[in-house]
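Peer 1:
Shown next, in the form of structure tokens:
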């Protein structure tokens, strides 16, 4: 009898210990390769979550669009079929329209300005807009300044873009702006882009250097122009219901893990930007690095007038003139 009680007690104790050590696994995905600024972001995030929750939460990482393109991943997070995603803001305005303003061309002076805006009151207010749409936005991260590539010709001035068939993100602001340049816009999910370039379905695309490098676009694109026409943020999003069920200390652990991941992500963007042009030239790309941006800004005047109408000149100026 005593042995039976002892065995029962041990079983109960072991059961409680196992329950205490129970691990919840969540998924997070990106559309680009693991060896990239986005891969660094989610790998750091996963490591930090596990460390900060003493192993009670494990984040499983997926790369190269294994769980779908960015739009599909964000949709899955909203629906609750996937807990987390890390995405550029390309498709985000389709879910949270207030974020459209960040995609206006030539809005940010440089990376330091963009980071200060996102980390300051403007960016933090925008993060709160996700709550009503079924998301918890954990932090802004970075994709970088976007540049043009194509397989047809050097692009030195806006008129060189006329008639080029370019893949664009599924983003209404980008599409409106690029049509003003005379580009034939072709919205497409990122996992399809390499093949579309390879087969000549589109002539070109536009992305930051870290994406151009990690996606190996040098294999299917000859010409790169450092237009820096749009600053592209990235964002960590989590299903709101999943976040709300976490105990407050665990909620803080996820938020702090995202902050650490942002540091690693931005450091990798800086590294890729510093060495990227030389690397791509070495791989055979022609790089136009003396682009006259004033001509591109002037060519966008009709689109900018529409953006001021859509977003309010005061709101755009608040970002343009922001000083931390």
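Residue numbers (mature numbering (1 follows the signal peptide of the UniProt record, and there is no 0)): -22 to -1, 1 to 302. Beta carbons are placed, not taken as given, at the ideal position from N, Cα and C, and that holds for glycine.
From which residue to which residue does the beta strand (DSSP E) around residue 158 run?
Peer 2: No beta strand (DSSP E) contains residue 158, which is instead part of the alpha helix (DSSP H) from 150 to 158.
Peer 1: Enumerated in chain order, which unbroken segments of the alpha helix (DSSP H) with a length of 4 residues or greater are wholly contained in the segment 70 to 153?
Peer 2: Within the segment 70 to 153, the complete alpha helix (DSSP H) runs of at least 4 residues are 89 to 97 and 99 to 106.
Peer 1: For residue 57, does the count of other Cβ atoms within 10 angstroms reach 16, so buried, or fall short, so exposed?
Peer 2: Burial call: exposed.
Peer 1: Going by C-alpha distance, which of 186, 41 and 118 is nearest residue 77?
Peer 2: Taking only the C-alpha atoms, the option nearest residue 77 is 118.
Peer 1: Does DSSP put residue 299 in a helix, in a strand, or in coil?
Peer 2: It is coil, neither helix nor strand.
Peer 1: Mapping the DSSP letters down to three states, classify residue 254 as helix, strand or coil.
Peer 2: Note: residue 254 maps to helix in three-state DSSP.
Peer 1: Measuring straight from C-alpha to C-alpha, what distance separates residue 98 and residue 194?
Peer 2: Their backbone Cα atoms lie some 34 Å apart in a straight line.
Peer 1: Apart from the five residues on each side of it in sequence, which residues of its chain come closer than 6 Å, Cβ to Cβ, to residue 35?
Peer 2: Excluding residues within five positions, the ones whose Cβ falls inside 6 Å are 2 and 27.
Peer 1: Closest to residue 90 by C-alpha separation, out of 122, 105, 62 and 156, would be which residue?
Peer 2: Answer by Cα proximity: 122.
Peer 1: Terminal residues of the continuous alpha helix (DSSP H) containing residue 171?
Peer 2: Note, residue 171: alpha helix (DSSP H), 171 to 177.
Peer 1: Go ahead and pull the three-state DSSP assignment for residue 60.
Peer 2: It is coil, neither helix nor strand.
Peer 1: Enumerate, from N- to C-terminal direction, the unbroken alpha helix (DSSP H) stretches of 4 or more residues contained entirely within the segment 2 to 28.
Peer 2: You should have found no qualifying run.
Peer 1: Is residue 199 buried or exposed, if buried means 16 or more other CB atoms sit within 10 Å of its CB?
Peer 2: Result: buried.
Peer 1: Please list, in chain order, all residues of the same chain as residue 133 whose beta carbon is under 7 Å from its beta carbon, the five residues on each side excluded.
Peer 2: Counting only Cβ-Cβ distances below 7 Å, and skipping sequence neighbours, we find 126, 139, 201, 203 and 266.
Peer 1: Given residue 196, which residues of its chain have a CB within under 6 Å of its CB, disregarding the five upstream and five downstream residues?
Peer 2: Once the five neighbours on either side are set aside, the close Cβ partners of residue 196 are 258, 261 and 263.
Peer 1: In angstroms, rounded to a whole number, what distance separates the CA positions of residue 157 and residue 205?
Peer 2: Their Cα atoms are separated by approximately 16 Å.
Peer 1: The beta strand (DSSP E) that contains residue 206, what's its start and end?
Peer 2: From DSSP, the beta strand (DSSP E) with residue 206 extends over 201 to 217.
Peer 1: Could you say if the segment 11 to 22 and the segment 233 to 248 meet the contact criterion of at least three C-beta pairs nearer than 8 Å?
Peer 2: Yes, the segment 11 to 22 is in contact with the segment 233 to 248.
Peer 1: CB-CB under 6 Å to residue 218, same chain, minus the five flanking residues each way: which ones, in chain order?
Peer 2: Hits under 6 Å: 112, 113 and 114.
Peer 1: Leaving out five residues on either side along the sequence, give the residues of the same chain with a beta carbon under 6 Å from the beta carbon of residue 215.
Peer 2: Only 55, 63, 113 and 115 meet the Cβ criterion.
Peer 1: Kindly indicate which three-state DSSP category residue 67 falls into: helix, strand or coil?
Peer 2: Coil, per DSSP.
Peer 1: Thinking residue 191 and residue 254 are a contact (beta carbons under 8 Å), I'd like their distance in whole angstroms, please.
Peer 2: Right, their Cβ atoms sit about 6 Å apart.
Peer 1: Indicate whether residue 100 and residue 296 have their beta-carbon atoms separated by less than 9 Å.
Peer 2: Yes.
Peer 1: Looking at the unbroken beta strand (DSSP E) that takes in residue 40, where does it start and where does it end?
Peer 2: Looking at the DSSP string, the run of the beta strand (DSSP E) that includes residue 40 is 35 to 40.
Peer 1: Can you say whether residue 272 is buried or exposed, counting buried as having 16 or more other CB atoms within 10 angstroms of its CB?
Peer 2: By the 10 Å Cβ count, residue 272 comes out exposed.
Peer 1: Tell me whether residue 44 is buried or exposed, calling it buried when 16 or more other Cβ atoms sit within 10 Å of its Cβ.
Peer 2: When all chains shown are included, residue 44 counts as exposed.
Peer 1: Taking only the alpha-carbon atoms, compute the straight-line gap between residue -9 and residue 33 and give it to the nearest angstrom.
Peer 2: With a pLDDT of 48 at residue -9, under the threshold of 50, the modelled position of this residue cannot be trusted; read the value that follows with caution. Using only the alpha carbons, I get a separation of about 18 Å.
Peer 1: Which residues in the same chain as residue 238 place their Cβ atom closer than 8 Å to its Cβ, once the five residues preceding and following it in sequence are excluded?
Peer 2: So the qualifying residues of the chain are 22, 23 and 26.
Peer 1: Just to confirm my understanding: we take residue 303, look at its own chain, exclude 5 residues before and 5 after, and list those with CB closer than 6 Å. What are they?
Peer 2: Because residue 303 is not part of the residues shown, which for the chain are -22 to 302, the question remains open.
Peer 1: Indicate whether residue 94 and residue 211 have their beta-carbon atoms separated by less than 9 Å.
Peer 2: Not closer than 9 Å, so no.
Peer 1: How would you call residue 292, buried or exposed, if buried means at least 16 neighbouring beta carbons within 10 angstroms?
Peer 2: Residue 292 comes out exposed.
Peer 1: Tell me which residues share the same chain as residue 236 and place their Cβ nearer than 7 Å to its Cβ, disregarding the 5 neighbours each side in the sequence.
Peer 2: Cβ within range, chain order: 23, 116, 117 and 214.
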